[in-house]
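Going by the numbering used here, the sequence shown opens with residue 3, and the numbers climb by one from there.
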Amino acid sequence: MSIGIRLKIALGFALLTIVVVSAVSFWAAQSLGVSVDSSDFDKLESLKNSATRQLSQAQQELDRIGEEAANALADMNFFAHDSDQQQRLAEKLKTSLNLDWLEIFQQGQAILQPNSSFAQPTLTPGRLLRLTSSGPFSYRGYLVTASHISNINHTTLFLARKPEFKDIPLLCIFDQSGILYSDRYLPEPEFLKKLRLDSVTDQVMIDNEVFRIRAFQLPDTLDGLVTGYAAQRATISRADIDQLMLRLAVLEVVGLLILGYFLGRRMLSPLNSLRHGIEQVAAGHWKEIPLNEPPMKNSGDEIETVAHSFNHMVRELTLAQNRLIEVQKELATKEKMAALGRFSAGIAHEINNPLGTILVTAGMLKEASAKDARILPEEFDEIIEEVKRCRDIISTLRTYTSRTQPSLARMRFSAFFDEMAQQMRSVAEFSGTELAFSSTVIDGYLLVDLKAMHQVFHNLIRNACEAISGSTVRHIDIIAGQEGGHYTLRFQDTGPGFQCLPEHIFEPLFTTKAQGTGLGLVICQAIIDGHLGCIEASRIDNSITEFCIRLPIARPDSENSGEDQR
Numbered sequence: 003m004s005i006g007i008r009l010k011i012a013l014g015f016a017l018l019t020i021v022v023v024s025a026v027s028f029w030a031a032q033s034l035g036v037s038v039d040s041s042d043f044d045k046l047e048s049l050k051n052s053a054t055r056q057l058s059q060a061q062q063e064l065d066r067i068g069e070e071a072a073n074a075l076a077d078m079n080f081f082a083h084d085s086d087q088q089q090r091l092a093e094k095l096k097t098s099l100n101l102d103w104l105e106i107f108q109q110g111q112a113i114l115q116p117n118s119s120f121a122q123p124t125l126t127p128g129r130l131l132r133l134t135s136s137g138p139f140s141y142r143g144y145l146v147t148a149s150h151i152s153n154i155n156h157t158t159l160f161l162a163r164k165p166e167f168k169d170i171p172l173l174c175i176f177d178q179s180g181i182l183y184s185d186r187y188l189p190e191p192e193f194l195k196k197l198r199l200d201s202v203t204d205q206v207m208i209d210n211e212v213f214r215i216r217a218f219q220l221p222d223t224l225d226g227l228v229t230g231y232a233a234q235r236a237t238i239s240r241a242d243i244d245q246l247m248l249r250l251a252v253l254e255v256v257g258l259l260i261l262g263y264f265l266g267r268r269m270l271s272p273l274n275s276l277r278h279g280i281e282q283v284a285a286g287h288w289k290e291i292p293l294n295e296p297p298m299k300n301s302g303d304e305i306e307t308v309a310h311s312f313n314h315m316v317r318e319l320t321l322a323q324n325r326l327i328e329v330q331k332e333l334a335t336k337e338k339m340a341a342l343g344r345f346s347a348g349i350a351h352e353i354n355n356p357l358g359t360i361l362v363t364a365g366m367l368k369e370a371s372a373k374d375a376r377i378l379p380e381e382f383d384e385i386i387e388e389v390k391r392c393r394d395i396i397s398t399l400r401t402y403t404s405r406t407q408p409s410l411a412r413m414r415f416s417a418f419f420d421e422m423a424q425q426m427r428s429v430a431e432f433s434g435t436e437l438a439f440s441s442t443v444i445d446g447y448l449l450v451d452l453k454a455m456h457q458v459f460h461n462l463i464r465n466a467c468e469a470i471s472g473s474t475v476r477h478i479d480i481i482a483g484q485e486g487g488h489y490t491l492r493f494q495d496t497g498p499g500f501q502c503l504p505e506h507i508f509e510p511l512f513t514t515k516a517q518g519t520g521l522g523l524v525i526c527q528a529i530i531d532g533h534l535g536c537i538e539a540s541r542i543d544n545s546i547t548e549f550c551i552r553l554p555i556a557r558p559d560s561e562n563s564g565e566d567q568r
């Protein structure tokens, strides 16, 4: 086994050890935290139960006192005395019963202290109430009881007393407005709210003592209760456990990052070099990876084997590419020769037809001349027509092969379209056909060669006239429109349509007419290409044949036609 493989195994084992130790540490910390939380919760819940039990007992005791006091007031004919005497009797009763507040309400109005801010309380058994919304009696909560005074209608005795708790090291009762009861701990309202929402055990320092505290909700109320007990200074809290876990995790992550850095430099550098070589090949640069230089040198048996295979592949691909280039050159040469052959055959076919007619006619005239027969001038007309046809074929070929760039000039579309309509209607060849020119274009500018476009219009309309020559209605529509950044010119007729696929009609020397050259539409396409446009042929609803020309709209601010042409 090579040194590189051993190093990789050692690094992998070290990494696995770190992972296992981390997992065990996490599990131990979690278990310790759950144990601490469970022990704290049991103690604090026991204190909470003791507090609620004492609160309930105090409420029952106060209810009993209230009933006895109400009966005593009725027996002593309390309301027969004047108000001063009533206040003295009530004060003596409050003092003897160790009460914090005593008041009699008759039909909702206070009798003993009618000018005070006390309102008749709304009772909730076992809950501490604030007697007023402001003043000393609003700072804390009281147990309150109400007892009806017999023989007097709508008269109720209210008693209030501060609760007292025994054997509870720390207790705090609070509501939405603040603290109702606290023996030694006055936390901030925000802390109480957070403690209640989090439902976790916390740790606070009070008078140099550490207290474990937790918030609970009192049954059947919205009030909260915080209980606590004094703990040892060394007692660990759940928050401390979480902090310890966080520090351990940070140390482990840092260690793994350092290990990963050196491991990456040792193992990933050769792979990066290999990746770079593959990208170079993908970009078309057939370059081998140097194996005797870092980082590939001593990179390990496996990576070196892959690099050797890659270099072998590069060499094979280089040979294949060179061979492909040679084959492409051969194919290009053969394709040119084949195209030249097809082109020559087409030209020969087109020229041979009129030449054959000329040869036959000339032979007949020669025989007639040898017999001293009379030769009429009309007998030379066929030779003249065929010679003209050869001349037209040669002229068309010269136009196609020259491919001169059209001379574009800036012009309003409406003027261009009207000019084409006027020229086409004046052609004697089209006099028997109705040419309907229509436009929906909002006037703008285009760059156009009028002479070249005249040839395009003439060729397309002549083809349409030939297509509808057998129809009773000879009508051709030329429709101008605008789509996006282009003008459209649509030539529509109701002829029989194409006798081939539409895409073949733009091939050089391809024709379906007995007297056609196969170059008319090709020349139209070349002219439209020179205008940076396009031409398409289609069949609409199997009844209308359409040729659509698209020409770019010139920019309104373009004064230099050459810029638009480019």
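Where is the CB? At the ideal position from N, CA and C, for every residue including glycine. As the structure is a prediction and not an experimental result, all values here were calculated from the model.
Original post:
Touch check for the segment 477 to 486 and the segment 526 to 534: three-plus C-beta pairs under 8 Å?
Top reply: no
**OP:** Taking R214 as the reference, give the member of G499, L46 and P165 with the closest Cα.
**Re:** Taking the sequence shown and counting its residues from 1, the one referred to as residue 214 is at position 212. Comparing Cα positions, the closest option is L46.
**OP:** Would you check if the distance between the CB atom of A72 and the CB atom of I181 is smaller than 8 Å?
**Re:** Reading the sequence shown from its first residue, position 70 is the one you call residue 72. Reading the sequence shown from its first residue, position 179 is the one you call residue 181. Contact flag unset, no.
Original post:
Is the distance from the Cβ of G68 to the Cβ of T147 below 8 Å?
Top reply: For the purposes of this step, residue 68 is identified with residue 66 of the sequence shown, where counting begins at 1. For the purposes of this step, residue 147 is identified with residue 145 of the sequence shown, where counting begins at 1. Yes, they are a contact pair.
Original post:
Helix, strand or coil: how does DSSP classify H488 here?
Top reply: Numbered from its first residue, the sequence shown carries residue 488 at position 486. In this structure, H488 counts as strand in the three-state DSSP scheme.
**OP:** Please specify which runs of the beta strand (DSSP E), each continuous and at least 3 residues long, are wholly inside the segment 403 to 483, giving them in chain order.
**Re:** 411 to 414, 436 to 441 and 447 to 450
Original post:
When you compare only the Cα positions, how much space is there between L273 and I305?
Top reply: As a first step, residue 273 must be located in the sequence shown, where it is residue number 271. As a first step, residue 305 must be located in the sequence shown, where it is residue number 303. Answer to the nearest angstrom: the Cα atoms are 8 Å apart.
Original post:
What residues match up with T531 in a beta bridge as DSSP calls it?
Top reply: The residue labelled residue 531 in the question sits at position 529 within the sequence shown. The displayed chain sequence assigns Asp, not Thr, to residue 531. According to DSSP, which records beta bridges pairwise, D531 is partnered with nothing at all.
**OP:** Within its chain, find whatever has a CB closer than 6 Å to the CB of S184; leave out the 5 residues flanking it on each side and keep chain order.
**Re:** By 1-based counting over the sequence shown, the position of residue 184 is 182. The residues are C174.
Original post:
Three-state secondary structure (DSSP) at N73?
Top reply: Within the sequence shown, residue 73 is the residue found at index 71, counting from 1. The answer is helix: DSSP assigns N73 an H, G or I state.
**OP:** Would you mind giving the Cβ-Cβ distance between I170 and S52, rounded to the nearest angstrom? I have them listed as a contact below 8 Å.
**Re:** Along the sequence shown, one-based indexing puts residue 170 at 168. Along the sequence shown, one-based indexing puts residue 52 at 50. Contact holds; Cβ gap of about 6 Å.
Original post:
Would a C-beta distance cut-off of 8 Å place C526 and E538 closer than the cut-off?
Top reply: Translated into positions along the sequence shown, residue 526 becomes position 524. Translated into positions along the sequence shown, residue 538 becomes position 536. No, the Cβ-Cβ distance between C526 and E538 is not below 8 Å.
Original post:
Is the distance from the Cβ of K168 to the Cβ of D102 below 8 Å?
Top reply: Position 166 of the sequence shown, counted from the start, is the residue given in the question as residue 168. Position 100 of the sequence shown, counted from the start, is the residue given in the question as residue 102. Against a cut-off of 8 Å, the Cβ pair of D102 and K168 comes out as no contact.
Original post:
Hey, I360 and V329 are a contact pair by Cβ (cut 8 Å); roughly how many whole angstroms apart?
Top reply: Numbered from 1 along the sequence shown, position 358 holds the residue referred to as residue 360. Numbered from 1 along the sequence shown, position 327 holds the residue referred to as residue 329. At roughly 46 Å, the Cβ-Cβ gap does not stay under 8 Å, so I360 and V329 are not in contact.
**OP:** Check the C-beta distance from F160 over to E105 and give it rounded, since I have them as a contact under 8 Å.
**Re:** Here residue 160 refers to the residue found at position 158 when the sequence shown is read from its first residue. Here residue 105 refers to the residue found at position 103 when the sequence shown is read from its first residue. So it is a contact: roughly 5 Å between Cβ atoms.
Subject >> F213 (DSSP reduced to helix, strand or coil) >> reply: Here residue 213 corresponds to residue number 211 of the sequence shown, with the count starting at 1. Here F213 sits in strand by DSSP.
Original post:
Are there 16 or more other CB atoms within 10 angstroms of the CB of L188, so buried, or fewer, so exposed?
Top reply: As a working note, residue 188 is residue 186 in the sequence shown. Answer is exposed; the Cβ neighbour count stays below 16.
Original post:
According to the neighbour-count rule (16 or more other Cβ atoms, all chains shown, within 10 Å of its Cβ), is Q424 buried or exposed?
Top reply: In the sequence shown, the residue the question calls residue 424 occupies position 422. So Q424 ends up on the exposed side.
**OP:** At 3 residues or longer, and completely inside the segment 69 to 133: list those beta strand (DSSP E) runs for me, N to C.
**Re:** 103 to 108
Original post:
Once you ignore the five residues that flank R552 on each side, which residues in its own chain have a CB closer than 6 Å to its CB?
Top reply: Numbered from 1 along the sequence shown, position 550 holds the residue referred to as residue 552. The beta carbon of R552 is closer than 6 Å to those of H488, T490, G535 and C536 in its chain, skipping five residues each way along the sequence.
**OP:** Just tell me which of G128, V256, T496 and I555 has its CA closest to the CA of D543.
**Re:** Counting from one through the sequence shown, the residue named residue 543 turns up at place 541. When each option's Cα is compared against that of D543, the closest is T496.
Original post:
Where does S179 fall in DSSP's three states?
Top reply: As a working note, residue 179 is residue 177 in the sequence shown. DSSP places S179 in coil when its eight states are reduced to three.
Original post:
Quick one: Cα of E166 to Cα of L57, how far?
Top reply: Your numbering for residue 166 matches position 164 in the sequence shown. Your numbering for residue 57 matches position 55 in the sequence shown. For E166 and L57, the distance between alpha carbons rounds to 8 Å.
Original post:
Measuring CA to CA, which of V202, E387, L319 and Y231 is closest to G358?
Top reply: Taking the sequence shown and counting its residues from 1, one reaches residue 358 at position 356. It is E387.
**OP:** Sort F80, H278, L114 and L224 by Cα distance to A309 and report the nearest one.
**Re:** Your numbering for residue 309 matches position 307 in the sequence shown. A309 has its Cα closest to that of H278, out of F80, H278, L114 and L224.
Subject >> Whole-number beta carbon distance between I470 and R464, since they are thought to touch under 8 Å >> reply: Position 462 of the sequence shown holds residue 464. Position 468 of the sequence shown holds residue 470. The pair is not a contact, with the Cβ atoms about 11 Å apart (cut-off 8 Å).
**OP:** Count the other CB atoms, across all protein chains shown, that sit within 10 Å of the CB of A466; report buried if there are 16 or more and exposed otherwise.
**Re:** Start at 1 with the first residue of the sequence shown, and residue 466 comes out as number 464. By the 10 Å Cβ count, A466 comes out buried.
Original post:
Going by C-alpha distance, which of A364, F81, S275 and F264 is nearest P379?
Top reply: Counted from its first residue, the sequence shown places residue 379 at position 377. For the residues A364, F81, S275 and F264, the minimum Cα distance to P379 belongs to A364.
**OP:** Starting from the C-beta of F432, find all residues in its chain whose C-beta is less than 8 Å away, skip the five residues before and the five after it, and write them out in chain order.
**Re:** For the purposes of this step, residue 432 is taken as the residue at position 430 of the sequence shown. Leaving aside the five residues that flank F432 on each side, the residues in its chain whose CB is nearer than 8 Å to its CB run, in chain order, M426, I463, R464 and C467.
Original post:
Closest by CA to G618, which one among A454, L130, S98 and K196?
Top reply: The displayed coordinates of the chain run from 3 to 568. Any statement about residue 618 would go beyond what the structure contains.
Original post:
Between A232 and L220, what straight-line distance do the alpha-carbon atoms span, to the nearest angstrom?
Top reply: Reading the sequence shown from its first residue, position 230 is the one you call residue 232. Reading the sequence shown from its first residue, position 218 is the one you call residue 220. Each residue's alpha carbon lies about 22 Å from the other.
Original post:
Terminal residues of the continuous beta strand (DSSP E) containing R552?
Top reply: The residue you call residue 552 lines up with position 550 of the sequence shown. Taken as a continuous stretch (DSSP letters only), the beta strand (DSSP E) holding R552 covers I546 to P554.
Original post:
Buried or exposed: P109, going by 16 or more other Cβ atoms within 10 Å of its Cβ?
Top reply: To locate residue 109, count along the sequence shown from 1; it is residue 107. In the sequence as displayed, the identity of residue 109 is Gln instead of Pro. When all chains shown are included, Q109 counts as exposed.
**OP:** Look at the Cβ atom of F415, then the Cβ atom of D445, and state whether they are nearer than 8 Å.
**Re:** Reading the sequence shown from its first residue, position 413 is the one you call residue 415. Reading the sequence shown from its first residue, position 443 is the one you call residue 445. Cβ atoms of F415 and D445: closer than 8 Å.
Original post:
Anyone know if the C-beta pair for I529 and P408 falls short of 8 Å?
Top reply: Residue numbering aside, residue 529 sits at position 527 when the sequence shown is read from its first letter. Residue numbering aside, residue 408 sits at position 406 when the sequence shown is read from its first letter. Yes, Cβ-Cβ distance for I529 and P408 is below 8 Å.
Subject >> DSSP state of R235 mapped onto helix, strand, coil >> reply: For this step, residue 235 is matched to residue 233 along the sequence shown. Note that R235 scores 44 on pLDDT, short of 50, meaning its location in the model is unreliable; the coordinates nonetheless yield the value given after this. Of the three classes helix, strand and coil, the one that applies to R235 here is coil, per DSSP.
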